[in-house]
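Novice: Each residue of the sequence shown is one higher than the last, beginning at 4 in the numbering used here.
Below you'll find the structure I mean.
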Amino acid sequence: MRIIMMGTPDFAVPTLDALVEAGHDVIAVYSQPPRRAGRGKSLRPSPVHQRAEQLGIAVRTPVSLKDEAAQADFDALTADVAVVAAYGLILPRAILESPRLGCLNVHGSLLPRWRGAAPVQRAILAGDSQTGVGIMQMEAGLDTGPVRLEVRTPVDGKTAGELTDELAVIGARAMVAVLADFDAHPPRAQQGEATYAPKIEKSEARIDFTAPAEAVERQIRAFNPVPGAFFEADGERIRIHRAEIVDGAGKPGTLLDSVMTIACGEGAIRPLLVQRAGRGVMTPDELLRGFALPEGTRIA
């Protein structure tokens with residue numbers, strides 16, 4: 004098929020690779036414009052942009068697809084289908100209707116649960132036991148389109164980073180399967196109550212130790228690797244990347260022992276991997292060698 008690929012972050016790269024490996028003609032890649040990043044604040048192309056250039060595929064980075072010129076450029080490609088994976092721009096109706104077979108989206112949840120920008124993090128925060136990927140026929144509503152194929156996987160204690168990587172691979176395989184036999188995967192209307200996954204705000208990353216230990220541990224996994232769940236002690240922000248639930252009781256946010264066990268609203272957590280500002284990831288033992296957090300310390 005003649006395919007337009009539309010994606011921006013690492014999540015979309017396996018789909019681009021899978022389309023090429025399956026022998027499809029990826030006639031253009033659309034991605035978000037390069038952003039300033041790093042210490043020098045130089046313009047940096049997105050992961051999908053970089054991968055497309057390595058593959059020798061033309062890349063387009065419009066700021067918007069709402070103007071007629073951008074829509075005309077898109078339409079002139081005469082694509083059979085557009086494949087969308089975490090692109091980051093709203094697709095106007097003219098774009099949705101341009102390809103012969105419409106636009107297909109790789110969405111990282113079991114729709115209609117977790118429509119929106121952050122389905123992986125919201126699934127972990129909510130304590131969902133499973134999630135998955137849906138290959139959705141896109142329409143004008145927010146992730147409201149019918150689903151052609153759904154693949155499930157357990158959450159099973161994974162971090163958001165680990166689960167995102169897994170879903171990226173699952174989604175790439177599912178998309179290739181749908182494209183290989185369109186008629187065998189007819190669109191199925193979403194069933195059940197819709198829930199929404201709004202964008203993660205940085206303020207959500209401050210750990211709420213008044214919550215039960217199970218919820219705190221989920222918060223830590225949901226915000227690993229970004230934005231990073233954290234607490235503050237002696238004016239310094241410390242991230243927790245991994246933690247386990249343990250027995251313990253005390254005033255929420257109190258260190259219960261010399262190995263950094265922290266009391267929660269119910270139960271306690273014990274960090275396994277932590278990080279000081281400007282430092283690498285380390286164990287609590289390594290942290291405590293240079294940062295005093297004695298038993299009884301209150302953190303927030």
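The beta-carbon is built from N, C-alpha and C at its ideal position, and this holds for glycine as well.
Return the bridge partner residues of H110 from the DSSP annotation.
Specialist: Residue mapping note: residue 110 aligns to position 107 of the sequence shown, counting from 1. In the DSSP output, where bridge partners are listed per residue, H110 has G137.
Novice: Contact defined as beta carbons within less than 8 Å: I believe V181 pairs with L107. What is the distance between those atoms, to the nearest angstrom?
Specialist: Stepping through the sequence shown from its first residue, residue 181 is reached at position 178. Stepping through the sequence shown from its first residue, residue 107 is reached at position 104. That pair is a contact at about 7 Å.
Novice: In three-state DSSP terms, what is G293?
Specialist: The residue given as residue 293 occupies position 290 in the sequence shown. Correct three-state label for G293: helix.
Novice: Leaving out five residues before and five after G268 in sequence, what residues of the same chain have Cβ atoms less than 6 Å from its Cβ?
Specialist: Residue 268 sits at position 265 when you count from the first residue of the sequence shown. The answer, listed in chain order, is T213, A214, P215 and P255.
Novice: Okay, do the region 93 to 105 and the region 193 to 204 touch, 3+ Cβ pairs below 8 Å being the bar?
Specialist: Because the criterion of three Cβ pairs below 8 Å is not met, the region 93 to 105 and the region 193 to 204 do not touch.
Novice: Let me know the secondary structure DSSP gives S132 once reduced to three states.
Specialist: One-based indexing of the sequence shown puts residue 132 at position 129. Here S132 sits in coil by DSSP.
Novice: Tell me the residue span of the beta strand (DSSP E) that contains P274.
Specialist: One-based indexing of the sequence shown puts residue 274 at position 271. Where P274 is concerned, the enclosing beta strand (DSSP E) stretches over A271 to R279.
Novice: State the beta-bridge partners of F233 as determined by DSSP.
Specialist: In the sequence shown, the residue the question calls residue 233 occupies position 230. R209 and R242, per the DSSP bridge assignment.
Novice: Take the Cβ of T81 as the centre, count every other Cβ of all protein chains shown within 10 Å, and call the residue buried at 16 or more, exposed below.
Specialist: Walking along the sequence shown from the start, residue 81 turns up at place 78. T81 should be labelled exposed.
Novice: Return the CA-CA distance between P115 and D288, expressed in angstroms with no decimal places.
Specialist: Taking the first residue of the sequence shown as position 1, residue 115 is located at position 112. Taking the first residue of the sequence shown as position 1, residue 288 is located at position 285. About 43 Å.
Novice: Are three or more beta carbon pairs between the region 241 to 251 and the region 264 to 279 nearer than 8 Å?
Specialist: Flag = yes, the region 241 to 251 and the region 264 to 279 touch.
Novice: Could you tell me whether the region 47 to 66 touches the region 9 to 25, using the rule of 3 or more Cβ pairs below 8 Å?
Specialist: Yes: at least three Cβ pairs fall under 8 Å.
Novice: Where does the unbroken beta strand (DSSP E) through G10 begin, and where does it stop?
Specialist: Within the sequence shown, the letter at position 7 stands for residue 10. Segment R5 to G10, the beta strand (DSSP E) holding G10.
Novice: Taking M141 and G148 to be in contact with their CB atoms under 8 Å, please state how far apart those CB atoms are, rounded to whole angstroms.
Specialist: What you label residue 141 is simply residue 138 of the sequence shown in a count that begins at 1. What you label residue 148 is simply residue 145 of the sequence shown in a count that begins at 1. About 5 Å; that satisfies the 8 Å criterion.
Novice: Return yes when the Cβ of D20 is within less than 8 Å of the Cβ of A177, no when it is not.
Specialist: Locating residue 177 in the sequence shown gives position 174, counting from the first residue. Locating residue 20 in the sequence shown gives position 17, counting from the first residue. Contact: no.
Novice: Suppose you measure from the CA of T307 to the CA of W117; what does that come to, to the nearest Å?
Specialist: Coverage of the chain is limited to positions 4 through 303, which leaves residue 307 absent and any answer about it impossible.
Novice: Would you call K44 buried or exposed, if buried means 16 or more other Cβ atoms sit within 10 Å of its Cβ?
Specialist: In the sequence shown, residue 44 corresponds to position 41, counting from 1. Classification of K44: exposed, given that the 10 Å Cβ count is below 16.
Novice: Need the endpoints of the beta strand (DSSP E) that L152 sits in, please.
Specialist: The sequence position of residue 152 within the sequence shown is 149, counting from 1. Residues V150 to P157.
Novice: With distances taken from CA atoms, which of D28, A88 and V277 is nearest P17?
Specialist: In the sequence shown, counting from the first residue as 1, residue 17 sits at position 14. For the residues D28, A88 and V277, the minimum Cα distance to P17 belongs to A88.
Novice: Note the first and the last residue of the continuous alpha helix (DSSP H) segment covering A55.
Specialist: Taking the first residue of the sequence shown as 1, we reach residue 55 at position 52. Per DSSP, A55 belongs to the alpha helix (DSSP H) from P50 to L58.
Novice: Out of K205, A236, E235 and D237, state which residue places its alpha-carbon closest to the alpha-carbon of N227.
Specialist: One-based indexing of the sequence shown puts residue 227 at position 224. When only C-alpha atoms are compared, the closest one is K205.
Novice: Classify V150 as buried or exposed, calling it buried when 16 or more other Cβ atoms lie within 10 Å of its own Cβ.
Specialist: Taking the sequence shown and counting its residues from 1, one reaches residue 150 at position 147. The residue is buried, with at least 16 neighbouring Cβ atoms inside 10 Å.
Novice: So L46 is in the beta strand (DSSP E); what residue range does that whole segment cover?
Specialist: By one-based count along the sequence shown, residue 46 stands at place 43. From DSSP, the beta strand (DSSP E) with L46 extends over S45 to R47.
Novice: Where does A187 land, buried or exposed, given buried means 16+ other C-beta within 10 angstroms?
Specialist: To locate residue 187, count along the sequence shown from 1; it is residue 184. With fewer than 16 Cβ atoms within 10 Å of its Cβ, A187 is classed as exposed.
Novice: Specify the secondary structure class of D28 as computed by DSSP and reduced to three states.
Specialist: Along the sequence shown, read from residue 1 onward, the residue named residue 28 stands at position 25. In this structure, D28 counts as strand in the three-state DSSP scheme.
Novice: Taking Cβ positions, are A200 and I223 nearer each other than 8 Å?
Specialist: Within the sequence shown, residue 200 is the residue found at index 197, counting from 1. Within the sequence shown, residue 223 is the residue found at index 220, counting from 1. No. Outside cutoff.
Novice: Going by beta-carbon coordinates alone, are L68 and L99 separated by less than 8 Å?
Specialist: Working through the sequence shown from its first residue, we reach residue 68 at position 65. Working through the sequence shown from its first residue, we reach residue 99 at position 96. No, Cβ-Cβ distance for L68 and L99 is not below 8 Å.
Novice: Against chain C, does E165 count as a neighbour if the rule is that its beta carbon must be under 8 Å from one of theirs?
Specialist: Protein chains in the displayed structure number just one, and chain C is not present.
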